[in-house]
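Heads up, the sequence shown is in full-length UniProt numbering, so the first residue is 35 and it goes up one at a time. Worksheet for the structure shown next.
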Amino acid sequence: GNPYISVNKSLHDPEYLIGRLKRAQRLHRSTENWNNYNILKSANDGHTVGIKDNILTRNLPTTCASRVLKGFCPSQDATVTKLLEKAGMLVLAKTNMDEFGMGSHSMNSAYGPVTNGDPRRQGALSVGGSSGGSALAVALDLAHVAIGTDTGGSIRLPAAYMSLVGFKPSYGMISRYGVVPYANSLDTVGIIAKSAADIRLTFDILSQPDASDPTCLTTGSRTRIRMAKNRRRVSVLESKIHFTPAFTPREKAPPIARARARNMFLFQRSFVRRIGVPLEYNIAEMHPLVRWAWTATLSHLQTYGFEIVPISLPSTKHALSSYYVLAPAEAASNLAKYDGVRYGAPRTRPSDDDDKAGTLYSGYRHDNLGPEVQRRILLGNYSLSAGAMDNYFIQAQKIRRMVQKDFSTVFRMPHAFHDYAPVKNGVDVIIVPTAPTPPPHIQFLKDASPVESYMNDVFTVPASLAGLPAISVPGPRHPDFPWKAERAVGIQVIGQYGDDFSVIYFAQNFL
Ligand code: GLN
């Protein structure tokens with residue numbers, strides 16, 4: 035055991051694991067009996083999955099890594115949990131996280147931080163957050179895939195820091211029923227795995243309409259997205275322009291030519307032709323290794339035949355501040371219910387405080403919510419208060435619109451639900467780094483200010499504000515430096531709303 039992994043005490047406890055496996059075997063046996071000629075129900079049978087602790091799992095605690103929900107064992111499964119189990123996947127354990135998803139390094143958990151390496155020693159690295167436990171479970175091969183949530187980068191950041199693949203779908207693709215809300219208008223359920231192929235497999239299972247979640251896309255809206263996709267035509271000229279066969283089909287191709295032909299074949303099947311590179315993302319604070327990985331990826335893609343197009347997303351520089359007004363505002367409202375009376379773990383203060391209602395609530399919340407959560411609640415309630423609303427919340431909503439509009443004026447595929455004018459010569463995907471730096475050292479984070487940790491989300495929040503699908507894949511390794519965990523860089527692919535498949539397909543075949 036690694037005591038510092040702290041995946042809610044469960045993933046590194048062999049007895050617990052054996053218990054879970056036995057239960058799974060029992061379940062399997064019963065399905066076999068019931069359907070005894072079909073032993074393997076699906077290709078996913080026996081795949082193990084870790085689930086972030088803010089997603090409901092029947093018979094397993096769901097605490098959001100918070101003291102207020104300590105010991106809470108829901109009586110229902112979230113839709114995603116149900117779908118995974120139905121597909122034959124085995125839910126192994128709940129994974130540690132930042133309390134209620136608030137954080138970028140998985141350091142804000144009531145169960146103690148999740149770190150990559152022993153935090154008492156020098157050199158321990160951030161696993162990213164808030165789905166850090168999910169990422170670590172996959173990185174340590176404790177689970178094949180892990181499910182997390184991504185509100186402003188919580189899937190993509192841990193994936194980038196741990197050299198994994200992390201996918202945040204379009205808003206509404208995966209049901210949020212049974213997912214404890216942080217900021218409802220931004221929350222998505224996402225997947226972390228070692229390869230884009232695993233992501234695709236899991237996404238196929240999870241991407242379903244669900245009547246229990248009113249924001250989950252219905253069959254009708256999914257059809258509408260498919261129609262929007264079909265409106266994106268790749269011109270004949272464009273699809274032929276790069277294709278120069280290296281050999282005639284009859285002769286046996288040498289291996290390199292075969293590989294090239296395969297790439298060409300994949301390229302021709304792909305909808306993606308033009309890659310957008312937003313100039314605003316090239317910020318001065320970007321780590322040189324990150325900038326190197328970004329340009330190396332782009333030049334590698336150019337050799338495949340993709341066209342690299344510089345684009346401009348001018349609202350990007352305001353996206354981060356907009357996010358950190360909107361997300362805390364929604365969180366403050368969502369977390370109001372944890373007052374220790376209607377909801378939450380039993381009260382912790384002696385009863386003589388009870389006569390003063392003020393102390394009853396605030397005392398409970400002061401004792402049981404972590405400092406970051408309290409900070410966000412204060413921030414959220416302030417920006418929603420009558421005096422500040424117009425200057426903060428309303429402005430932030432306006433910026434959010436501008437961010438959405440920026441994206442819709444560069445993509446070739448039209449937005450299925452907005453009426454922005456169609457874009458001629460638009461791009462198919464956007465490629466940017468996932469985070470401005472490789473994973474920071476824990477030592478360094480201990481004296482970092484909250485704002486410094488908010489800065490890590492600068493490249494992930496724009497896609498969240500616009501509800502777009504985005505995947506983070508490990509970037510190329512620099513040939514001049516031996517690879518180390520502290521040099522991990524993530525490269526992010528962002529697509530138009532509803533174009534989740536292209537984003538995954540692209541990451542799977544070209545990155
Ligand atoms: N780091 C961001 C935040 O703290 C994102 C968190 C998330 O996506 N859940 O809000």
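Glycine included, each C-beta is placed from N, C-alpha and C at the ideal position. Predicted, not measured: the structure shown is a model, and the values here were computed from it.
- For Gln477, the uninterrupted alpha helix (DSSP H) segment begins and ends at 476 to 480.
- Exposure of Thr329 is indicated by the presence of fewer than 16 other C-beta atoms within 10 angstroms of its C-beta.
- If you ignore the 5 residues before and after Pro147, its C-beta comes within less than 7 Å of the C-beta of Ser140, Met141, Pro153, all in its own chain and listed in chain order.
- Apart from the 5 residues on each side of it in sequence, Pro508 sits with its Cβ closer than 6 Å to the Cβ of Ser197 in its chain, given in chain order.
- With respect to Pro503, Asp534 sits close: the two C-beta atoms are nearer than 7 Å.
- Contact between the segment 113 to 127 and the segment 173 to 186 is established, with three or more Cβ pairs separated by less than 8 Å.
- Judged by DSSP in its simplified three-state form, Gln526 adopts strand.
- In the structure shown, Leu235 falls within a helical segment according to DSSP collapsed to helix, strand and coil.
- Asn425 is classed as exposed because its beta carbon has fewer than 16 other beta carbons within 10 Å across all chains shown.
- Annotated three-state conformation of Asn150 is strand, per DSSP.
- Counted as a single uninterrupted DSSP element, the beta strand (DSSP E) harbouring Ser506 occupies residues 504 to 508.
- The distance from the Cβ of Gly163 to that of Ser204 is about 22 Å, inconsistent with a contact at the 8 Å cut-off.
- Pairing Ser100 with Ala144 gives a Cβ-Cβ distance under 7 Å.
- Non-local C-beta neighbours of Ile345 in its own chain, meaning closer than 8 Å and more than five positions away in sequence, comprise Gly310, Val311, Pro312, Leu313, Val444, Val461, Ile464, ordered along the chain.
- Residue pairing of Ile428 in beta bridges, as defined by DSSP: absent, with no partner found.
- By the Cβ rule, the segment 509 to 524 does not count as touching the segment 410 to 423, because fewer than three pairs are nearer than 8 Å.
- Judged by their CB atoms, Gly414 and Ala366 are nearer to each other than the 7 Å cut-off.
- In the three-state scheme derived from DSSP, where H, G and I count as helix and E and B as strand, Phe540 is classed as helix.
- Setting aside the 5 residues that flank it on each side, Arg234 is surrounded in the same chain by Ile538, each with a C-beta closer than 6 Å to its C-beta; the list follows chain order.
- Annotation for Pro108: Leu90, Thr91, Arg92, Thr96, Gly212 place their beta carbon closer than 8 Å to its own, counting only its chain and skipping 5 residues before and after.
- Look at the beta carbons and you see the segment 370 to 380 touching the segment 396 to 404: at least three pairs across the two are nearer than 8 Å.
- At least 7 Å separates the beta-carbon of Ser356 from that of Arg307.
- Across the structure, Lys120 and Asp232 are spaced so that their CA atoms are roughly 17 Å apart.
- The C-alpha of Gly122 lies about 43 Å from the C-alpha of Leu412.
- Looking at the backbone, the Cα of Phe493 and that of Lys104 are separated by about 33 Å.
- Ranked by Cα distance from Pro248, the first of Ser219, Lys228, Arg260, Arg258 is Ser219.
- In the displayed model, Ser417 falls within a helix according to three-state DSSP.
- Residue side-chain check: Ser188 places its Cβ nearer than 6 Å to a non-hydrogen atom of the ligand GLN.
- Annotated three-state conformation of Leu124 is strand, per DSSP.
- Relative to the ligand GLN, even the nearest heavy atom lies 6 Å or more away from the CB of Ala231.
- When DSSP states are grouped into helix, strand and coil, Leu332 belongs to the helix group.
- Less than 7 Å divides the Cβ of Gly206 from the Cβ of Cys250.
- A straight-line Cα-Cα distance of about 20 Å links Val359 and Ala482.
- Taking all protein chains in view, the Cβ of Lys458 is surrounded by fewer than 16 other Cβ atoms within 10 Å, so the residue is classified as exposed.
- Assignment of beta-bridge partners to Phe451 by DSSP yields no partner.
- Judged by beta-carbon spacing, Ile226 lies within the 7 Å limit of Val172, meaning their Cβ atoms are closer than that value.
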